[in-house]
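Which chain is which? The protein sequence lines are R and F, in order.
9 is the number of the first residue of the first sequence in the working numbering; add one for each residue after it.
10 is the number of the first residue of the second sequence in the working numbering; add one for each residue after it.
Backbone N, C-alpha and C define an ideal beta-carbon position, used for all residues, glycine too.
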Amino acid sequence: MEGNYYPLLKWILLAPLAGFVLNGLLGKKFLGDRAGGLLGALAIFISFVFAALSFSDLLNLPVENRLLRDTLYNWISAGSFSVDAALRFDPLSAVMALVVTGVSFLIHVYSIGYMKGDSGFNRYFAYLNLFVFFMLTLVLADNPLIMFVGWEGVGLCSFLLIGFWHEDPEKASAGKKAFITNRVGDAGFLLGLMLLFALLSMQGAVEMDFASLEKNASLLTSATVLGMAAPTLICLLLFFGATGKSAQFPLHVWLPDAMAGPTPVSALIHAATMVTAGVYMLARLHFLYELAPKALEVIMLTGCFTAFFAAVIAMLQKDIKKVLAYSTVSQLGYMFMAAGAGAFSASVFHLATHAFFKALLFLGAGSVIHGMSGEQDMFKMGGLKREMPFTFLLMAAGWLAIAGVPGLSGFYSKDLILEKVFEHGGIFVWGTGVLTAALTAFYTTRLVILTFLRDKRSRTHAHESPLLMTLPMAALGLLALAGGFLLKERLFIFLEPFAAHGAEHNPVAARLMMISVAAGFSGIAAAFLLTLPRTAAALKVALPRIHSLVCHKFYVDEIYISLIIKPLRFVSVKIMYQLVDAGLIDGLLVNGSANASYTAGKALARAQGGRLDIYALVFAIGVALMLYWII
Amino acid sequence: MSAYSLAGIAFVLFSLAAAGFLTCGSLVRMLMFLELMLNAANIALVALSPGTVSQAYALMLFAIAAAEAGVGLALIITLASVFKTLEAENIKELKG
């Protein structure tokens with residue numbers, strides 16, 4: 009195959025890894041804050057440069073042959089099963105790699121300002137670089153197993169960074185929650201992979217790289233497992249893994265809690281990159297999903313439900329970061345909706361634009377929190393427009409982009425998704441999507457109003473953030489404003505060079521677009537109206553049930569606690585700990601064997617009393633018995 | 010005197026010595042009974058097997074008995090100075 013050895017790819021990976029090693033091993037002692045931060049950002053920048061170089065080389069290849077690969081070494085070889093540690097750079101991974109390294113670089117620069125003076129400064133950058141390394145491993149992997157390595161690695165880094173301030177038990181347990189919830193999903197992912205490999209190798213197809221998988225995927229169509237078509241089952245299992253990583257219902261509970269980490273981490277991992285891994289995985293394995301229309305339907309409905317559900321919760325959150333977290337869950341729902349409709353490129357498009365505007369919003373929120381010295385409750389903010397003008401302007405850009413104002417990035421991608429969903433999912437799913445768009449506009453507008461507009465509600469004097477933080481935000485702001493317009497045609501030609509573009513627009517597309525834009529504007533208007541203190545109080549009184557239901561996030565956490573965590577804890581404490589561990593293992597096996605040898609020793613010690621006369625007697629008896637036996 | 014009666018004497022002497030060894034409590038007496046047992050063995054050797062080989066063994070046994078008596082007495086003197094007694098049942102340090 010063309011470009012089977014392309015040496016630049018490994019440097020994309022090695023730069024952040026080197027940054028991790030240097031900052032992790034030498035950081036605190038030898039580098040210090042300034043050099044450590046610079047090194048962290050520089051590592052990502054190098055990675056970005058290599059990704060851009062590879063990208064330009066990729067563009068120079070003929071359209072039908074756009075693929076760069078690099079096999080590093082043979083990773084696993086067992087019988088006929090053999091897996092290479094190989095990298096792959098095709099249009100999809102190129103887009104992802106550029107988004108990941110680009111956004112990461114900006115967030116690294118921002119972090120230098122945000123984390124200034126933190127005692128774990130070097131540790132922070134080490135983790136962040138490690139995260140980028142694993143994320144790029146996931147993105148550039150040439151087979152699902154390497155992808156799984158990255159998949160697990162980003163989960164690990166997410167855990168480390170959510171619990172970054174691990175002295176606070178609440179933050180540490182948020183990290184654990186994220187990790188464990190992700191493990192639940194990972195179990196599904198792993199089962200899906202094993203099933204895929206087992207079924208394929210039974211048919212004699214043992215190569216596991218994506219190109220061969222794509223070629224051999226059709227072998228699966230005739231197979232059935234547990235009365236289900238094999239592709240459907242595999243796709244559902246893999247999708248279950250994606251719901252864990254990408255925080256879709258029912259495994260969305262970890263993402264809002266993940267806001268315990270530093271805000272740049274929320275921007276990078278829990279908005280722009282890691283949580284989109286599920287979407288990327290679907291796009292990467294699209295050939296498999298195309299064989300399983302039923303699984304696609306499940307994905308579309310799950311995405312649709314999650315988008316709506318999370319948007320409703322986001323409407324009433326008080327914590328500025330929680331609003332953005334639920335918003336992320338909701339936007340990821342959009343991406344899955346698109347993927348479920350078979351429009352994988354549209355979901356990747358939304359992934360990219362979302363990475364821009366949501367990272368911007370998170371960084372803006374971080375800037376506000378920084379300026380307010382750690383305050384996250386929006387009801388204690390207000391009127392920050394005057395004190396933080398740059399942050400306000402940039403936040404406003406992110407706000408308008410996510411609200412779907414025509415011409416900005418969120419508008420293009422969301423509109424495209426809604427159009428595709430209308431074609432494939434029907435009026436109901438589309439209607440929910442439009443409603444969610446209105447809700448999205450509502451909660452982001454509410455966030456901006458409560459934070460920046462109207463009267464000041466606290467006496468803390470806020471200060472504008474340093475340039476080191478506002479400049480990366482400005483870059484993201486530009487991308488959020490213009491990214492959609494710049495990418496909309498180019499991205500699709502790049503991702504799907506053979507599909508027809510432009511001409512096949514749905515005739516009702518214009519009308520659909522009008523409706524979703526109207527929904528967005530009505531959401532904005534509603535937010536201005538409903539956040540007035542008088543109307544808000546009146547609504548709360550009028551609808552107390554719904555208010556408390558939404559405020560408690562539909563009690564999903566409580567349901568998990570009573571249905572899963574409590575029984576599990578009961579079994580763990582009563583049966584596993586008290587009966588099996590303390591009783592059986594400690595009592596019977598460990599202490600039991602010790603006791604047995606102690607009593608045996610005590611009994612046998614009598615034979616060795618040290619009394620010479622008794623020894624002599626025993627000896628004589630022994631001799632007599634031997635003589636008797638011989639004679 | 011026939012060889013059989015000599016063997017009988019040896020047997021009786023050995024039995025008496027062994028019985029004495031087992032019953033008496035003093036270490037010195039035990040050592041003396043030990044010597045008697047060796048001597049009984051000597052008589053049995055000479056009585057039951059005529060010829061030079063057994064006589065040579067008997068001579069060797071004298072030497073061994075003498076050496077054994079020397080070592081034994083030395084041990085007994087040390088024990089006596091440490092434990093201030095020669096009764097076997099009082100000399101013990103093990104707990105069992």
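Minimum C-alpha distance to residue i - residue among the options
| i | options | result |
| --- | --- | --- |
| Ile52 of chain F | F:Leu43, F:Ala76, F:Phe20 and F:Ala72 | F:Phe20 |
| Phe30 of chain F | F:Met39, F:Phe23, F:Leu22 and F:Ser24 | F:Met39 |
| Met69 of chain F | F:Pro59, F:Val80, F:Ile85 and F:Ala50 | F:Ala50 |
| Lys179 of chain R | R:Trp262, R:Glu305 and R:Ala613 | R:Trp262 |
| Gly485 of chain R | R:Ile115, R:Arg77 and R:Ile52 | R:Ile115 |
| Leu309 of chain R | R:Glu395, R:Thr440, R:Gly391 and R:Pro414 | R:Thr440 |
| Val29 of chain R | R:Asp78, R:Phe133 and R:Ser338 | R:Phe133 |
Contact list for residue i against chain F, beta-carbon separation under 8 Å
| i | result |
| --- | --- |
| Arg191 of chain R | Those within 8 Å of Arg191 of chain R in chain F number zero; the least Cβ separation is about 55 Å. |
Residue i: contacting residues in chain R (beta-carbon distance under 9 Å)
| i | result |
| --- | --- |
| Leu31 of chain F | Asp621, Ala624, Leu625 and Ala628 |
| Gly34 of chain F | Asp621 |
Spatial distance of residue i from residue j (CA atoms)
| i | j | result |
| --- | --- | --- |
| Ser62 of chain R | Phe97 of chain R | 8 Å |
| Arg292 of chain R | His358 of chain R | 15 Å |
| Leu499 of chain R | Phe419 of chain R | 15 Å |
| Leu100 of chain R | Gly35 of chain R | 35 Å |
| Asn130 of chain R | Leu67 of chain R | 37 Å |
| Asn151 of chain R | Val283 of chain R | 20 Å |
| Leu416 of chain R | Lys37 of chain R | 46 Å |
| Asp385 of chain R | Thr448 of chain R | 19 Å |
| Val103 of chain R | Val147 of chain R | 10 Å |
| Lys610 of chain R | Ala604 of chain R | 10 Å |
| Asp41 of chain R | Gly32 of chain R | 12 Å |
| Lys574 of chain R | Val549 of chain R | 34 Å |
| Ala482 of chain R | Leu402 of chain R | 7 Å |
| Ala195 of chain R | Leu201 of chain R | 10 Å |
| Tyr342 of chain R | Asn73 of chain R | 31 Å |
| Ser570 of chain R | Leu198 of chain R | 27 Å |
| Phe205 of chain R | Thr145 of chain R | 20 Å |
| Phe1 of chain R | Pro272 of chain R | Within the shown structure, residues of chain R are numbered from 9 to 639, placing residue 1 of chain R beyond reach of any answer. |
| Tyr14 of chain R | Tyr334 of chain R | 40 Å |
| Met9 of chain R | Leu259 of chain R | Its pLDDT being 41, under 50, Met9 of chain R is placed unreliably in this model, and the value from its coordinates should be taken loosely. Using only the alpha carbons, I get a separation of about 40 Å. |
| Gly630 of chain R | Leu95 of chain F | 26 Å |
| Tyr606 of chain R | Ala613 of chain R | 10 Å |
| Glu504 of chain R | Glu431 of chain R | 19 Å |
| Ala546 of chain R | Arg454 of chain R | 17 Å |
| Gly248 of chain R | Gly193 of chain R | Note that residue 248 of chain R corresponds to Phe in the displayed sequence, not to Gly. Going from the Cα of Phe248 of chain R to the Cα of Gly193 of chain R covers about 6 Å. |
| Arg394 of chain R | Leu304 of chain R | 48 Å |
| His555 of chain R | Val564 of chain R | 15 Å |
| Trp19 of chain R | Phe58 of chain R | 7 Å |
| Ser127 of chain R | Val413 of chain R | 42 Å |
| Ser274 of chain R | Ser601 of chain R | 52 Å |
Chain-ordered neighbours of residue i on chain R, where CB pairs are closer than 7 Å
| i | result |
| --- | --- |
| Ala65 of chain F | By Cβ distance, chain R contributes nothing, its closest Cβ being about 26 Å from Ala65 of chain F, past 7 Å. |
Amino acids of chain R, ordered along the chain, whose beta-carbon sits closer than 8 Å to that of residue i
| i | result |
| --- | --- |
| Ala27 of chain F | Ala628 |
| Ala89 of chain F | Within chain R, no residue comes near Ala89 of chain F; the closest Cβ sits about 14 Å away, beyond 8 Å. |
| Ala97 of chain F | Arg619, Leu620 and Asp621 |
Bridge partners - residue i, DSSP secondary structure assignment
| i | result |
| --- | --- |
| Ala86 of chain R | R:Phe89 |
| Val233 of chain R | R:Met236 |
| Tyr420 of chain R | Tyr420 of chain R pairs with nothing; no bridge assigned. |
| Asp327 of chain R | R:Asp385 |
| Asp78 of chain R | R:Tyr13 and R:Leu95 |
| Glu96 of chain F | F:Ser35 |
| Ala483 of chain R | Answer by DSSP bridge pairing: none, since Ala483 of chain R is not bridged. |
| Ala149 of chain R | R:Leu95 |
Query raised in the report: Enumerated in chain order, which unbroken segments of the beta strand (DSSP E) with a length of 3 residues or greater are wholly contained in the region 524 to 597 of chain R?
Result: none
Requested in this report: Can you check the region 185 to 253 of chain R for any alpha helix (DSSP H) of at least 4 residues that lies completely inside it and give the ranges in chain order?
Outcome: 218 to 224 and 238 to 253
Report task. Enumerate, from N- to C-terminal direction, the unbroken alpha helix (DSSP H) stretches of 4 or more residues contained entirely within the region 347 to 412 of chain R. Result -> 352 to 379 and 397 to 411
Requested in this report: List in chain order: all unbroken alpha helix (DSSP H) runs of 4+ residues lying wholly within the region 423 to 510 of chain R.
Outcome: 435 to 460 and 475 to 503
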